[in-house]
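Asker: Residue numbers (our numbering), protein chains in the order written: chain H, 1 to 789; chain A, 790 to 910. Positions of the beta carbon are idealized from the N, C-alpha and C atoms, including for glycine. In this text the structure is predicted, and so the values were computed from the model without any measurement.
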Amino acid sequence: MFNLEYKGHTDLKNCDEEPIHLLGKIQSHGLLFGFNRSMQLTHFSENCQPFFDDKNLSPTEINLNDFLGIEVSKECHLFIETKRKQWHTNQTFETLDRKFHLHFSCASDDTFILELEEASNFPKEEFLTKFSVIQRFLSTSHLFTSELDIATSAVVEFKNLSGYDRVMYYKFDYNGDGEVLAEAKNQGLESFLGLRYPASDIPSQARKLYEKVSIRTIADIDDTGIPVYGIQNDIPIDLSYAVFRSVSPIHIKYLQNMGVKATQAHNILVENKLAGMVICHHYSGPKHIDYTTKSLCEYYLNGLNSWILNSTIAEKRKAERIEQKVLDQIRNHLESVNLKGLILDMWEELTGILGLCGFSLVEGEDIFHYQKHLNNRSDLEGIISKSKELAENEEYILTISEKLQLTEDDDNFIGGVAVINTGFMENQFLIFYRPEKKRTYNWAGKPNHHSAEKDNSNELDKLSPRNSFQLWQEVVKGQSAPWTEENLNFLRELANAIELNEFLRINESQNQNADLSESIKVANQKKQIFKLQERNKALQDYIDSISKEVREARKINELRQLVMSNMSHEMRTPLNGIMGLAKLIQNEPDISDTLRHYSKLIDESGVRMLDTFNRLMKLDLSQKSEDISGFESVTLEVMLNNLLSPLKEVYSTKEKTLEWRVHNEKKEKISNQTILSQIILNLVNNSERYCEAGGHIQVDAKVIWKSGEKVLELEIEDDGLGIEPEEQSKIFQPFYTGKDITKTKDEGTGLGLYIVKTYVNYLSGELTLNSKPGIGTKFIITIPLALSI
Amino acid sequence: MKILYVEDNQINRLVMERSIQKYAEIVTEENGFKAMDLIKENDFDIILIDLNLADPEIDGFGVLDYIKENNVPAITAAVTAFTTDEWKDKCMEEGFHLYFPKPVDIDNMWSEILKFKRTRA
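(1) State the start and end residues of the unbroken alpha helix (DSSP H) segment that holds N761(H).
(2) My output table needs one value for N267(H): the three-state DSSP class, helix, strand or coil.
(3) Out of K208(H), Y210(H), N332(H) and V247(H), state which residue places its alpha-carbon closest to the alpha-carbon of I226(H).
(4) What runs of the alpha helix (DSSP H), each 4 residues or longer, lie entirely inside the region 193–262 of chain H?
(5) To the nearest angstrom, how far is the alpha carbon of G355(H) from that of F432(H)?
(6) Give a yes or no on whether 9 Å exceeds the smallest Cβ distance from R596(H) to chain D.
(7) Using the three-state DSSP reduction, which class does R98(H) fall into: helix, strand or coil?
(8) Using the beta-carbon of each residue, which ones in chain H are nearer than 8 Å to N801(A)?
(9) Give the single residue among C297(H), C76(H), K702(H) and G230(H) whose Cα lies nearest to the Cα of F93(H).
(10) Under 8 Å between beta-carbons, which chain A residues line up against L610(H)? List them in chain order, please.
(11) Do we get a CB-CB distance below 9 Å when we pair K600(H) with the residues of chain A?
(12) Give a yes or no on whether 9 Å exceeds the smallest Cβ distance from S565(H) to chain A.
(13) Distance cutoff 9 Å, beta carbons only. Does I835(A) sit that close to anything in chain H?
(14) Output needed in chain order: residues of the region 806–827 of chain A with a Cβ under 8 Å from some Cβ in chain H.
(15) Per DSSP, Y170(H) is paired with what?
(16) Using a C-beta cutoff of 9 Å, does G606(H) count as contacting chain A?
(17) Under DSSP, the beta strand (DSSP E) around S360(H) begins and ends at which residues?
(18) Put D700(H) into one of helix, strand or coil per three-state DSSP.
(19) Skipping 5 residues on each side, what residues in its chain have a beta carbon closer than 6 Å to that of Q264(H)?
(20) Should P59(H) and F44(H) be called a contact, given that it needs their Cβ atoms to be closer than 9 Å?
(21) What separation, rounded to the nearest whole angstrom, lies between the Cα atoms of L193(H) and V180(H)?
(22) Looking at C-alpha atoms only, which residue of Q86(H), T768(H) and I80(H) is the closest neighbour of M39(H)?
(23) Should A206(H) go down as buried or exposed, given a rule of 16 or more other Cβ atoms within 10 Å for buried?
(24) Does the distance from the C-beta atom of I150(H) to that of F144(H) stay below 9 Å?
(25) Taking just the CA atoms, how far does P482(H) sit from W87(H)?
(26) Please report the straight-line C-alpha distance between K823(A) and K891(A), rounded to a whole angstrom.
(27) Starting from D718(H) and walking both ways along the beta strand (DSSP E), at which residues does that stretch end?
(28) From L559(H) to Y210(H), what does the alpha carbon distance come to, in whole angstroms?
(29) Please list the terminal residues of the continuous beta strand (DSSP E) segment that includes K124(H).
(30) Output needed for K252(H): all residues of its chain with C-beta closer than 7 Å, excluding positions within five of it in sequence on either side, in chain order.
(31) Beta-carbon separation of T865(A) and I835(A) under 9 Å?
(32) Under 9 Å, Cβ to Cβ, is there at least one residue of chain A near K583(H)?
(33) In angstroms with no decimal places, state the Cα-to-Cα distance between L32(H) and D238(H).
(34) Quick one: what does DSSP say D848(A) is sitting in, helix, strand or coil?
(35) What residues of chain A sit near H569(H), judged by a beta carbon separation below 9 Å?
(36) If you check the beta carbons only, do G577(H) and L837(A) fall under 9 Å apart?
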């Protein structure tokens with residue numbers, strides 16, 4: 001039997017390497033059993049000895065199945081089976097007139113821990129009162145509008161609930177520094193509100209643990225702990241997930257220096273990362289928080305954590321939506337507007353997202369500056385040459401948020417720079433400037449204040465994390481707000497969009513008919529030039545997303561083409577026979593004039609059928625030659641003019657008129673006109689087909705806002721025959737032709753409206769039909785602009 | 790002049806036979822392999838081939854391959870209901886001399902063939 005007490009040294013330098021708990025010891029108010037899958041006792045804390053003595057057993061003889069009784073051992077087996085790291089159960093264990101709550105945790109694949117916590121006689125009424133307070137708080141949590149708002153109330157409630165002298169809500173910064181966002185404390189205690197604690201105050205392994213374990217309680221700072229013994233060997237058992245694990249000497253020292261006697265800490269997790277903590281301090285003496293109160297505290301904190309998580313995610317989503325919208329706009333306009341113009345056009349949006357005060361665009365030797373305050377632009381030369389240098393070393397995004405003193409003038413100060421290398425082939429950089437943000441940090445701890453170095457014989461006393469926790473103000477100047485991970489992602493996307501556009505432009509000029517799959521191949525080769533992994537990943541993601549869209553669009557297209565070409569083949573073969581035989585009959589010398597006339601009619605019908613069919617195929621083929629994701633973007637007006645002018649000519653020969661109008665947003669660009677053209681063409685053709693001579697077809701296009709989305713609304717109206725109510729549901733079916741077909745000379749294919757419906761669905765649009773027999777028909781289509789066109 | 794027409798559709802064979810017999814002697818065959826035997830045994834001046842034959846083992850291109858491999862001097866023409874430019878290009882690439890999309894106007898076809906024959910000579 002071996003004592004596993006930790007014998008290593010710990011000082012500030014190796015604080016990060018130190019085990020998170022004090023090996024071989026637990027806090028003295030808990031009891032611990034270690035066991036394996038066969039329920040044999042492998043470890044136990046010293047304070048379990050009286051239980052063994054009571055049964056006259058040596059620890060080596062103990063099998064927990066017998067020792068704990070059937071109910072508790074069932075729970076043990078259940079814990080092993082469920083493979084959790086931690087588990088609390090409602091089951092209790094009673095022995096020697098004492099009642100215990102059970103905590104299970106996992107020490108290794110084959111070693112499990114059962115900790116016993118003495119049950120308290122918590123008055124039921126008090127429990128209900130406290131529970132209803134929590135319930136009330138949580139049920140009204142939707143009324144809080146900010147993290148500060150909810151944290152300020154939460155600490156007060158939490159202090160009442162837990163009874164600690166001080167409760168603080170920490171919020172962690174992007175770099176891990178923590179700030180006390182809210183605090184509730186006993187009168188007479190010094191306030192820590194607003195103080196910052198450096199990231200190093202919580203070592204990295206503790207952070208990692210707090211991402212997995214929600215609560216840690218130290219009941220008594222001065223508790224020296226209870227040793228844990230191993231039965232077979234002296235390898236220390238991993239107590240990371242154990243409830244009563246002892247705490248590292250460094251941390252104890254840290255707390256002692258603050259005069260803390262007992263603490264409790266809870267994590268606040270957002271997307272599995274430690275976003276904050278609720279920390280309780282007790283100064284007046286040790287504090288054994290009972291099982292019931294601790295459970296209430298956990299319940300309360302879970303509710304608080306949910307609120308923080310939801311609101312953080314909601315904010316993030318909102319920001320992402322805005323960013324995505326701006327990126328989409330940029331992508332849509334990149335091809336038609338030069339980069340400089342586009343950045344200027346989008347300046348307000350970009351500033352909104354990135355908090356900028358200027359930019360420079362470097363294109364080879366050409367440098368363009370846009371900087372609101374900086375008068376002496378030569379100051380930027382340093383940054384630009386540095387950017388070039390870094391970009392040549394394959395650096396992709398360079399961000400600086402400090403030490404960039406460009407001018408002595410305090411009011412006009414650039415505090416941060418982000419450089420993106422956007423040039424696909426050429427030497428092109430986009431440099432964004434961010435203004436200085438002066439901040440005052442209220443650090444908790446001023447050097448050389450209260451000294452803890454009175455006892456030099458004890459190494460740990462010398463190595464306290466800080467000598468004082470009094471306010472130490474630091475004014476940080478010359479730095480901008482930090483470039484966050486989100487900012488960098490946005491910049492990456494922006495760079496990718498610019499680069500992709502450049503790439504497509506170059507590729508297009510090299511090969512007019514370049515297939516996109518070829519482009520992707522080339523892009524993959526180009527990618528090897530940029531060896532930075534991050535860049536590769538971002539670029540790959542973007543290409544993947546595009547190629548996925550194209551793949552999907554192609555799949556539809558391929559299927560349709562397959563149907564069309566099969567149909568073509570299957571129609572032409574018999575048509576060859578029909579028309580050939582008709583010709584043969586005509587050329588027979590010995591037939592009557594009637595038969596000759598009939599055979600001529602057969603041939604003519606064949607010719608007409610072929611003509612209709614060829615037109616349908618041509619419509620389909622025109623689709624094929626243009627890539628479905630067509631990057632060519634034109635304005636709505638140009639598109640309609642190109643599309644409808646030839647039709648107008650044709651219709652005028654049939655004494656039918658066609659007119660079109662773009663009501664607003666004449667500059668609205670349509671980047672994928674292929675599908676939209678098909679929709680409009682099919683609808684206009686359909687309208688024309690059901691118009692008699694003298695009829696009129698009107699196309700109206702306008703851009704409107706509909707439920708927060710920019711949508712294109714198209715109306716195609718005719719004064720033709722109209723559609724009977726009972727037919728209205730059928731007309732979008734494939735191969736359905738209206739019953740009035742006989743009234744018109746030109747046969748329909750029965751596919752036009754089916755194609756329209758399919759395409760409108762594909763573009764996530766809506767199609768409404770408004771028709772009255774004898775008066776006319778109006779099709780209304782709305783298509784979200786941001787989405788696909 | 791002697792013509793072979795390889796086509797799996799009976800009516801189309803009939804139409805071709807009756808329409809072309811005023812110009813030349815015509816033999817028709819529905820199966821690609823049997824057509825090869827006919828090519829071996831006869832000296833055809835013109836061979837018209839449908840691309841899509843009923844026997845899944847061999848299509849019109851298979852017959853064309855046989856003609857090329859054996860250096861048969863006949864003029865070859867694809868007569869097909871595959872009418873896209875891609876198919877036309879494919880036919881020309883594979884080595885057909887002429888390409889006629891269905892439905893075929895046989896008088897036109899014949900004059901095209903004669904024109905080609907003249908330029909070849």
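Answerer: According to the structure data:
(1) In the first sequence, counting from the first residue as 1, residue 761(H) sits at position 761. Its alpha helix (DSSP H) spans residues G752 to Y762.
(2) Locating residue 267(H) in the first sequence gives position 267, where the first residue counts as 1. In the structure shown, N267(H) sits in a strand (DSSP, three-state: E or B).
(3) Taking the first residue of the first sequence as position 1, residue 226(H) is located at position 226. Comparing Cα positions, the closest option is V247(H).
(4) 204–210 and 249–257
(5) Along the first sequence, one-based indexing puts residue 355(H) at 355. Along the first sequence, one-based indexing puts residue 432(H) at 432. Rounded to whole angstroms, G355(H) to F432(H) spans 10 Å at the Cα level.
(6) Note that chain D does not occur in the displayed structure, where the protein chains are H and A.
(7) Within the first sequence, numbered from 1, the residue matching residue 98(H) stands at position 98. R98(H): strand per DSSP, three-state reduction.
(8) Here residue 801(A) is taken as the residue at index 12 of the second sequence, counted from 1. Neighbours of N801(A) on chain H, chain order: T573, N576, G577 and G580.
(9) Mapped onto the first sequence, residue 93(H) falls at position 93. It is C76(H).
(10) Along the first sequence, one-based indexing puts residue 610(H) at 610. In chain order: P892.
(11) For the purposes of this step, residue 600(H) is identified with residue 600 of the first sequence, where counting begins at 1. False, the Cβ-Cβ gap to chain A never drops below 9 Å.
(12) Taking the first sequence and counting its residues from 1, the one referred to as residue 565(H) is at position 565. By this cut-off, S565(H) is an interface position.
(13) The count along the second sequence starts at 1 and reaches residue 835(A) at position 46. It does not: the Cβ of I835(A) has no partner Cβ on chain H nearer than 9 Å.
(14) R807 and S808
(15) Numbered from its first residue, the first sequence carries residue 170(H) at position 170. Looking at the DSSP assignment, Y170(H) forms a beta bridge with V180(H) and M277(H).
(16) Against the first sequence, residue 606(H) aligns to sequence position 606. With 9 Å as the cut-off, G606(H) counts as an interface residue toward chain A.
(17) For the purposes of this step, residue 360(H) is taken as residue 360 along the first sequence, with counting starting at 1. Element bounds for S360(H): G358 to E363.
(18) Locating residue 700(H) in the first sequence gives position 700, where the first residue counts as 1. DSSP places D700(H) in strand when its eight states are reduced to three.
(19) Sequence index remark: in the first sequence, residue 264(H) carries index 264 (1-based). T217 and C280.
(20) Here residue 59(H) is taken as the residue at index 59 of the first sequence, counted from 1. Here residue 44(H) is taken as the residue at index 44 of the first sequence, counted from 1. The answer is yes: Cβ separation under 9 Å.
(21) Numbered from its first residue, the first sequence carries residue 193(H) at position 193. Numbered from its first residue, the first sequence carries residue 180(H) at position 180. Near 5 Å, if we compare the C-alpha coordinates of V180(H) and L193(H).
(22) Within the first sequence, the letter at position 39 stands for residue 39(H). Out of Q86(H), T768(H) and I80(H), I80(H) has the C-alpha closest to the C-alpha of M39(H).
(23) Within the first sequence, the letter at position 206 stands for residue 206(H). A206(H) is buried by the Cβ-count criterion.
(24) The residue given as residue 150(H) occupies position 150 in the first sequence. The residue given as residue 144(H) occupies position 144 in the first sequence. Contact: yes.
(25) Taking the first sequence and counting its residues from 1, the one referred to as residue 87(H) is at position 87. Taking the first sequence and counting its residues from 1, the one referred to as residue 482(H) is at position 482. Each residue's alpha carbon lies about 40 Å from the other.
(26) Start at 1 with the first residue of the second sequence, and residue 823(A) comes out as number 34. Start at 1 with the first residue of the second sequence, and residue 891(A) comes out as number 102. Near 23 Å, if we compare the C-alpha coordinates of K891(A) and K823(A).
(27) Stepping through the first sequence from its first residue, residue 718(H) is reached at position 718. D718(H) -> beta strand (DSSP E) spans E709 to D718.
(28) Here residue 559(H) corresponds to residue number 559 of the first sequence, with the count starting at 1. Here residue 210(H) corresponds to residue number 210 of the first sequence, with the count starting at 1. C-alpha separation (whole angstroms): 53 Å.
(29) Numbered from its first residue, the first sequence carries residue 124(H) at position 124. Taken as a continuous stretch (DSSP letters only), K124(H) belongs to no beta strand (DSSP E), being part of the alpha helix (DSSP H) at K124 to S139.
(30) Your numbering for residue 252(H) matches position 252 in the first sequence. Checking the sequence shown, residue 252(H) turns out to be Ile, not Lys. Closer than 7 Å at Cβ, skipping near neighbours: I221.
(31) By 1-based counting over the second sequence, the position of residue 865(A) is 76. By 1-based counting over the second sequence, the position of residue 835(A) is 46. Yes, Cβ-Cβ distance for T865(A) and I835(A) is below 9 Å.
(32) Locating residue 583(H) in the first sequence gives position 583, where the first residue counts as 1. For K583(H), the answer is yes, since a Cβ of chain A falls inside 9 Å of its Cβ.
(33) Walking along the first sequence from the start, residue 32(H) turns up at place 32. Walking along the first sequence from the start, residue 238(H) turns up at place 238. Going from the Cα of L32(H) to the Cα of D238(H) covers about 12 Å.
(34) One-based indexing of the second sequence puts residue 848(A) at position 59. Reduced to three states, the DSSP call for D848(A) is coil.
(35) Here residue 569(H) refers to the residue found at position 569 when the first sequence is read from its first residue. Within chain A, the residues near H569(H) are N841, T869, A870, F871, T872 and K891.
(36) As a first step, residue 577(H) is located in the first sequence; it is residue number 577 there, counting from the start. As a first step, residue 837(A) is located in the second sequence; it is residue number 48 there, counting from the start. Taking 9 Å as the Cβ cut-off, G577(H) and L837(A) do not qualify as a contacting pair.
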